[in-house]
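Each protein sequence line maps, in turn, to chains A, B and C. Converting from the first sequence to our numbering requires adding 9 to each position, the first position being numbered 1. Converting from the second sequence to our numbering requires adding 9 to each position, the first position being numbered 1. Converting from the third sequence to our numbering requires adding 9 to each position, the first position being numbered 1.
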Amino acid sequence: MSTVIRSKYGRLLSDFEVGKTYEHPWEVTVGDGMVAVFQASFLDAMPVFASRAFAQRYGFRDRPLHPLLCLNLALSFSVHDVSEQAIAHLAYLDVRFPGPGYAGDTVTARSTVLEAKPASTGDKGVVHVRTVLTNEHDTVLCAFERKALIRAGKLDARPADPWSGGKPTPDLASLPRLPPPLRLDAEPAGPPPRFARFADDFETGQVYLHEIGRTIGESEHMQLTDLFRNSHPLHFDEIYCKDNSFAKQRVVYGGLVFGFAATLASRDVAGNALWDLGYDQGAHPNGVVGGDTIYAASKVLEVKDHGLHGQVAFRLVGVKNVTSAAAYEQHGDALFDEELKKDKDKKIKEKVFEITRTMYVRKRSAR
Amino acid sequence: MSTVIRSKYGRLLSDFEVGKTYEHPWEVTVGDGMVAVFQASFLDAMPVFASRAFAQRYGFRDRPLHPLLCLNLALSFSVHDVSEQAIAHLAYLDVRFPGPGYAGDTVTARSTVLEAKPASTGDKGVVHVRTVLTNEHDTVLCAFERKALIRAGKLDARPADPWSGGKPTPDLASLPRLPPPLRLDAEPAGPPPRFARFADDFETGQVYLHEIGRTIGESEHMQLTDLFRNSHPLHFDEIYCKDNSFAKQRVVYGGLVFGFAATLASRDVAGNALWDLGYDQGAHPNGVVGGDTIYAASKVLEVKDHGLHGQVAFRLVGVKNVTSAAAYEQHGDALFDEELKKDKDKKIKEKVFEITRTMYVRKRSAR
Amino acid sequence: MSTVIRSKYGRLLSDFEVGKTYEHPWEVTVGDGMVAVFQASFLDAMPVFASRAFAQRYGFRDRPLHPLLCLNLALSFSVHDVSEQAIAHLAYLDVRFPGPGYAGDTVTARSTVLEAKPASTGDKGVVHVRTVLTNEHDTVLCAFERKALIRAGKLDARPADPWSGGKPTPDLASLPRLPPPLRLDAEPAGPPPRFARFADDFETGQVYLHEIGRTIGESEHMQLTDLFRNSHPLHFDEIYCKDNSFAKQRVVYGGLVFGFAATLASRDVAGNALWDLGYDQGAHPNGVVGGDTIYAASKVLEVKDHGLHGQVAFRLVGVKNVTSAAAYEQHGDALFDEELKKDKDKKIKEKVFEITRTMYVRKRSAR
Numbered sequence: 010m011s012t013v014i015r016s017k018y019g020r021l022l023s024d025f026e027v028g029k030t031y032e033h034p035w036e037v038t039v040g041d042g043m044v045a046v047f048q049a050s051f052l053d054a055m056p057v058f059a060s061r062a063f064a065q066r067y068g069f070r071d072r073p074l075h076p077l078l079c080l081n082l083a084l085s086f087s088v089h090d091v092s093e094q095a096i097a098h099l100a101y102l103d104v105r106f107p108g109p110g111y112a113g114d115t116v117t118a119r120s121t122v123l124e125a126k127p128a129s130t131g132d133k134g135v136v137h138v139r140t141v142l143t144n145e146h147d148t149v150l151c152a153f154e155r156k157a158l159i160r161a162g163k164l165d166a167r168p169a170d171p172w173s174g175g176k177p178t179p180d181l182a183s184l185p186r187l188p189p190p191l192r193l194d195a196e197p198a199g200p201p202p203r204f205a206r207f208a209d210d211f212e213t214g215q216v217y218l219h220e221i222g223r224t225i226g227e228s229e230h231m232q233l234t235d236l237f238r239n240s241h242p243l244h245f246d247e248i249y250c251k252d253n254s255f256a257k258q259r260v261v262y263g264g265l266v267f268g269f270a271a272t273l274a275s276r277d278v279a280g281n282a283l284w285d286l287g288y289d290q291g292a293h294p295n296g297v298v299g300g301d302t303i304y305a306a307s308k309v310l311e312v313k314d315h316g317l318h319g320q321v322a323f324r325l326v327g328v329k330n331v332t333s334a335a336a337y338e339q340h341g342d343a344l345f346d347e348e349l350k351k352d353k354d355k356k357i358k359e360k361v362f363e364i365t366r367t368m369y370v371r372k373r374s375a376r
Numbered sequence: 010m011s012t013v014i015r016s017k018y019g020r021l022l023s024d025f026e027v028g029k030t031y032e033h034p035w036e037v038t039v040g041d042g043m044v045a046v047f048q049a050s051f052l053d054a055m056p057v058f059a060s061r062a063f064a065q066r067y068g069f070r071d072r073p074l075h076p077l078l079c080l081n082l083a084l085s086f087s088v089h090d091v092s093e094q095a096i097a098h099l100a101y102l103d104v105r106f107p108g109p110g111y112a113g114d115t116v117t118a119r120s121t122v123l124e125a126k127p128a129s130t131g132d133k134g135v136v137h138v139r140t141v142l143t144n145e146h147d148t149v150l151c152a153f154e155r156k157a158l159i160r161a162g163k164l165d166a167r168p169a170d171p172w173s174g175g176k177p178t179p180d181l182a183s184l185p186r187l188p189p190p191l192r193l194d195a196e197p198a199g200p201p202p203r204f205a206r207f208a209d210d211f212e213t214g215q216v217y218l219h220e221i222g223r224t225i226g227e228s229e230h231m232q233l234t235d236l237f238r239n240s241h242p243l244h245f246d247e248i249y250c251k252d253n254s255f256a257k258q259r260v261v262y263g264g265l266v267f268g269f270a271a272t273l274a275s276r277d278v279a280g281n282a283l284w285d286l287g288y289d290q291g292a293h294p295n296g297v298v299g300g301d302t303i304y305a306a307s308k309v310l311e312v313k314d315h316g317l318h319g320q321v322a323f324r325l326v327g328v329k330n331v332t333s334a335a336a337y338e339q340h341g342d343a344l345f346d347e348e349l350k351k352d353k354d355k356k357i358k359e360k361v362f363e364i365t366r367t368m369y370v371r372k373r374s375a376r
Numbered sequence: 010m011s012t013v014i015r016s017k018y019g020r021l022l023s024d025f026e027v028g029k030t031y032e033h034p035w036e037v038t039v040g041d042g043m044v045a046v047f048q049a050s051f052l053d054a055m056p057v058f059a060s061r062a063f064a065q066r067y068g069f070r071d072r073p074l075h076p077l078l079c080l081n082l083a084l085s086f087s088v089h090d091v092s093e094q095a096i097a098h099l100a101y102l103d104v105r106f107p108g109p110g111y112a113g114d115t116v117t118a119r120s121t122v123l124e125a126k127p128a129s130t131g132d133k134g135v136v137h138v139r140t141v142l143t144n145e146h147d148t149v150l151c152a153f154e155r156k157a158l159i160r161a162g163k164l165d166a167r168p169a170d171p172w173s174g175g176k177p178t179p180d181l182a183s184l185p186r187l188p189p190p191l192r193l194d195a196e197p198a199g200p201p202p203r204f205a206r207f208a209d210d211f212e213t214g215q216v217y218l219h220e221i222g223r224t225i226g227e228s229e230h231m232q233l234t235d236l237f238r239n240s241h242p243l244h245f246d247e248i249y250c251k252d253n254s255f256a257k258q259r260v261v262y263g264g265l266v267f268g269f270a271a272t273l274a275s276r277d278v279a280g281n282a283l284w285d286l287g288y289d290q291g292a293h294p295n296g297v298v299g300g301d302t303i304y305a306a307s308k309v310l311e312v313k314d315h316g317l318h319g320q321v322a323f324r325l326v327g328v329k330n331v332t333s334a335a336a337y338e339q340h341g342d343a344l345f346d347e348e349l350k351k352d353k354d355k356k357i358k359e360k361v362f363e364i365t366r367t368m369y370v371r372k373r374s375a376r
């Protein structure tokens, strides 16, 4: 037989060098087509990301790329180097969207290893990385930290990287949460807002049970996974999944579950939002498969002024195959508590996503 | 427990104010990507909407947006205000495409309530609206009337609109059926036509049984529904459908069934069509679900001159899970008769769409 | 009853005139959206087709259209005239990509009949055509020969072509394999390569068993088929397939199986490839249906210098529902032998694709 080569990607626990930065190999021009495929699964109400005319009134040169499109590209690009061998994605931390990206931008991403800590069991550990997505002008479009659960060992089948010495990633605290055009001195002239709810309408403690769910199609979740360059076979290789998936079948990539939850909430809470100031303390307590239906609920954590407008923080939750109203009826406000901190018998098995989301939202009174 | 908010959208019968115009909240730049996702489900033969080079020969600055893309955007944008609580879509009336839209246009839509008439049963009624889709230059890309069957009552859970007093919609009769570039004094020079059939080839009474069908995928119909911003959960929320769908499952959005029927006919009858002069008297007699296969048939109602070229009116019909040849063999010309006017035992249960379509079609002899 | 017209397309064996060139009717502007829908199914690692910034460093004005996108358009456009009545696609021969196409190009295709030979059984025959895809500037984006198995007879239901006398297609040997920007005198300055494997790393006889598979979604394969304008109902009409498909169901269009196999190999072998110099001796030994999972394997046939960089020829194979490692364990190097030349009992039933692929690949040492 011939010389046989079976390459694998991602890393095992001992492959991670703390302090090192990995340049992820994907280099992709984000075209208008990617925007459309994104919009075709995520019915989002935020006008600044949908309408060039709206965005230009606020000083953008075009409609900026949707924050969750940028987040998904950053996360997916990192899979090749960080999580293609991961057991699970554990946490999203301090996600920021400092600069506007536009269709036509060419993006790349890199990740710095902040920590790689073996678990006491010895067979796995937690890797903590910081990932940034930049365009060809070095504008940071998205930056965050995340944690993943990784098997112990070294991945011998991984080919050596073609170069090392990636530029370090910036501290997240140094990155602004609002892009330059939105540091507003005055609300621009223009037609009145089109959706119903404003910063003035939110009050701490309110619970929004978003009425409508979204069933996830088999093809669409694989298409988005590929389009974002997420190379984990758990999401699109049924044969791999028979032996290697906790669900014994393809599992929807978590960044998409995030996208479904956030956009299902959007007509109720984001129709007058102008930007995502950040996401934090996010996790996927349970998995989702094609055919599952996602519902979302939001609880207002804080409302305050932010320049001309308001800053509203929500705890956003996604559940599967049960309406958010039914889930809330059963679990009450515990629906919004972090699953990881709960006793085993208090965990909510239909809960598939949770995160703290902070938005920059127009005030009705600012007009 | 906290203050709980469960918003709903659409309107019930008593929410409609005759004479009032609702500005629909969606404001969307139609990019080249949306054109591609549209083309990926609808194999259309009309060259003017596919080829920039072809369109430019006829005086357009780019390939114009496909009429059925515009119709679907207008109809879908109106769901949030008009039909998200509807029991059924009843009729398409006098659909026109006065102006060319192009990729890059930012579109919005508004609807004027023409009538809201309770049925004698008291539990529902018929709402008749006129909807227009315009771009940011106030060019009307599509306008039509439609009727929907709506439950009686008021929708208390609908948040108050942020503003009222939408600009009235124009009378349909005031809107031209042909866009300015196509008011031709001479057929432009250029390569010969590429498809087979011309205005000269059609004769009143001919029946075209289009050979090929199209099976509808689960993901693709949800993607198109979201991309068009159609927010009715009947089309993408399987949990909602278990209790609320007449089919007990997700139902394909009617505008897509329209699209499949029209484009399945296109290689036979529209390869030399230059524009859709209008659609009228359209309905969806039966529902369609993912996995169904649609076939189409066309009957020529009228052929006449229109400027340099011809105007051909067809009755277009869509059937499901049976070829149009088999349906015609069984039902004969009754296949093309309006279902609503038939006695119950004469209705054709596999018929899923019917409409009168009028096209502007090149003459072979004009060259 | 009325005059009934049932048109069919494609041709039967006696309809092919040797020496004649058919202008296929599709005329399509390839937008950025089509690029995205293509990328959403095919996770390809070749940077020149993904990144405008990368492509511009190599002298292209934008990222060029992916070779397999061009091949799929050429092949699909030809179905209307060549293979819509075909029993099977038999062979891809001498596929070349002479010029770069870009998003915004308007493409058409034409095919010259090289041979139409009845089989001894009398009921069918082999048609051999040469097909070229050109843009509006007459740049040839893709050219190849192919063979198809066609039923005997004449297709009376085919409407007469609107014109004949298509411009002859050029001899393939006259067409360059490398587009002008890549006839390099020097490797351009720029950041270091991002993927691992270079021309210097390949050795004749190496076997690459690509680890990861791809399950094919029902919607996505129909969407790509329509987007490419492939009009064969075998791929999207379930009712037709019940009686007319060898699989009794929809069969994935071969050009897509080709795409899945080539892109599944790409992270291992094409991350530093700059162009496809050609494909040859390709076939689809077995069919694929929605839900099948494709795996790929590559064997290095030849490595040599090509200007500044290297030219690497692979035998590329696709298998279904079994990993390439398992297939290779069972069949050894016979996995890479041509199926057509094997005795019946030696044929590999899970093999769905095979082709010889030659790539222009950066040398590590060229930097």
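Ideal Cβ positions, reconstructed from N, Cα and C, are used throughout, including at glycine. Quick caveat: nothing in here was measured; it's all calculated off a predicted structure.
Counted within 10 angstroms of its Cβ, other Cβ atoms place residue 281(B) as buried (16 or more) or exposed: Against the second sequence, residue 281(B) aligns to sequence position 272. When all chains shown are included, residue 281(B) counts as buried.
Beta-carbon separation (whole angstroms), residue 377(B) vs residue 40(B), contact threshold 8 Å: Chain B is shown only over 10 to 376; residue 377(B) falls outside these bounds and no answer can be derived.
Among 29(B), 364(B), 350(B), the one whose alpha carbon lies nearest that of residue 179(B): Here residue 179(B) corresponds to residue number 170 of the second sequence, with the count starting at 1. The residue with the shortest Cα to Cα distance from residue 179(B) is 29(B).
Pairwise C-alpha distance: residue 89(C) and residue 202(B): Counted from its first residue, the second sequence places residue 202(B) at position 193. Counted from its first residue, the third sequence places residue 89(C) at position 80. A straight-line Cα-Cα distance of about 15 Å links residue 202(B) and residue 89(C).
Any chain A beta carbon closer than 8 Å to residue 6(B): Coverage of chain B is limited to positions 10 through 376, which leaves residue 6(B) absent and any answer about it impossible.
Contacts around residue 55(A), its chain only, beta-carbon distance under 6 Å, and the 5 residues preceding and following it disregarded: What you label residue 55(A) is simply residue 46 of the first sequence in a count that begins at 1. Its chain contains 279, 282 as the residues whose beta carbon lies nearer than 6 Å to that of residue 55(A), once the 5 sequence neighbours on both sides are disregarded; these appear in chain order.
Proximity of residue 336(C) and residue 325(C) at Cβ, strictly below 8 Å: What you label residue 336(C) is simply residue 327 of the third sequence in a count that begins at 1. What you label residue 325(C) is simply residue 316 of the third sequence in a count that begins at 1. No, Cβ-Cβ distance for residue 336(C) and residue 325(C) is not below 8 Å.
Any 3 or more C-beta pairs closer than 8 Å across the segment 231-244 of chain B and the segment 259-268 of chain B: Contact between the segment 231-244 of chain B and the segment 259-268 of chain B is established, with three or more Cβ pairs separated by less than 8 Å.
Short Cβ contact (8 Å threshold) for residue 115(A) with residue 38(A): Working through the first sequence from its first residue, we reach residue 115(A) at position 106. Working through the first sequence from its first residue, we reach residue 38(A) at position 29. Residue 115(A) places its beta carbon less than 8 Å from that of residue 38(A).
Which listed residue (320(A), 339(A), 353(A), 19(A)) has its alpha carbon closest to that of residue 169(A): Here residue 169(A) refers to the residue found at position 160 when the first sequence is read from its first residue. Measuring from the Cα of residue 169(A), the nearest candidate turns out to be 19(A).
Partner residues on chain A for residue 67(C), Cβ-Cβ distance less than 8 Å: Numbered from its first residue, the third sequence carries residue 67(C) at position 58. Ordered by position in chain A, no residue passes the 8 Å Cβ test against residue 67(C), which lies about 13 Å from the chain.
Element boundaries [beta strand (DSSP E), containing residue 310(C)]: Position 301 of the third sequence, counted from the start, is the residue given in the question as residue 310(C). Annotation: the continuous beta strand (DSSP E) that includes residue 310(C) extends over 302-315.
Any 3 or more C-beta pairs closer than 8 Å across the segment 189-198 of chain C and the segment 207-227 of chain B: By the C-beta criterion, the segment 189-198 of chain C is judged not to be in contact with the segment 207-227 of chain B, since fewer than 3 inter-stretch pairs fall below 8 Å.
Listed by chain order, chain B residues near residue 227(A) by CB distance under 8 Å: Here the question's residue 227(A) lines up with position 218 in the first sequence. Contact of residue 227(A) with chain B by beta-carbon distance below 8 Å involves 227, 228.
Sequence-distant residues of the same chain with beta carbon closer than 8 Å to residue 132(A), five excluded per side: Translated into positions along the first sequence, residue 132(A) becomes position 123. 160, 161.
is_contact[residue 223(C), chain A] using C-beta, thresh 8 Å: Numbered from 1 along the third sequence, position 214 holds the residue referred to as residue 223(C). Yes, residue 223(C) lies at the interface with chain A (some Cβ there is under 8 Å from its Cβ).
Sequence-distant residues of the same chain with beta carbon closer than 6 Å to residue 211(B), five excluded per side: The residue given as residue 211(B) occupies position 202 in the second sequence. The answer, listed in chain order, is 309, 312, 321.
CB contact check: residue 232(B) to chain A, cutoff 8 Å: Sequence index remark: in the second sequence, residue 232(B) carries index 223 (1-based). Judged by the 8 Å Cβ criterion, residue 232(B) is in contact with chain A.
Simplified DSSP assignment, three categories, for residue 182(C): As a working note, residue 182(C) is residue 173 in the third sequence. Correct three-state label for residue 182(C): helix.
Under 8 Å between C-beta atoms of residue 46(C) and residue 49(B): Locating residue 46(C) in the third sequence gives position 37, where the first residue counts as 1. Locating residue 49(B) in the second sequence gives position 40, where the first residue counts as 1. Residue 46(C) places its beta carbon less than 8 Å from that of residue 49(B).
N-terminal and C-terminal residue of the alpha helix (DSSP H) that residue 363(B) is part of: Here residue 363(B) corresponds to residue number 354 of the second sequence, with the count starting at 1. Where residue 363(B) is concerned, there is no enclosing alpha helix (DSSP H), although the beta strand (DSSP E) it sits in stretches over 360-370.
Same chain, Cβ closer than 8 Å to residue 348(C), five either side skipped, listed in chain order: On the third sequence, position 339 is the one that residue 348(C) refers to. For residue 348(C), where only same-chain residues beyond five positions count, the Cβ hits under 8 Å are 292, 294, 356, 357, 360, 363.
Distance between beta carbons of residue 11(C) and residue 215(B), contact taken as under 8 Å: Here residue 215(B) corresponds to residue number 206 of the second sequence, with the count starting at 1. Here residue 11(C) corresponds to residue number 2 of the third sequence, with the count starting at 1. Right, their Cβ atoms sit about 6 Å apart.
Exposure label - residue 146(A); buried when at least 16 CB within 10 Å: By one-based count along the first sequence, residue 146(A) stands at place 137. So residue 146(A) counts as exposed.
Spatial distance of residue 166(B) from residue 13(B) (CA atoms): Along the second sequence, read from residue 1 onward, the residue named residue 166(B) stands at position 157. Along the second sequence, read from residue 1 onward, the residue named residue 13(B) stands at position 4. If I take the Cα positions, the gap works out to 11 Å.
Cross-strand partners of residue 284(B) (DSSP beta bridge): Counting from 1 along the second sequence, the entry for residue 284(B) is found at position 275. 369(B).
Closest Cα partner of residue 62(C) within the set 237(C), 350(C), 198(C), 269(C): In the third sequence, the residue the question calls residue 62(C) occupies position 53. Measuring from the Cα of residue 62(C), the nearest candidate turns out to be 198(C).
Residue 325(B) - partner residues in DSSP beta bridges: Here the question's residue 325(B) lines up with position 316 in the second sequence. DSSP output for residue 325(B) lists 307(B), 364(B) as bridge partner(s).
One or two residues paired with residue 427(B) in a DSSP bridge: What is shown of chain B runs 10 to 376, which leaves residue 427(B) out entirely.
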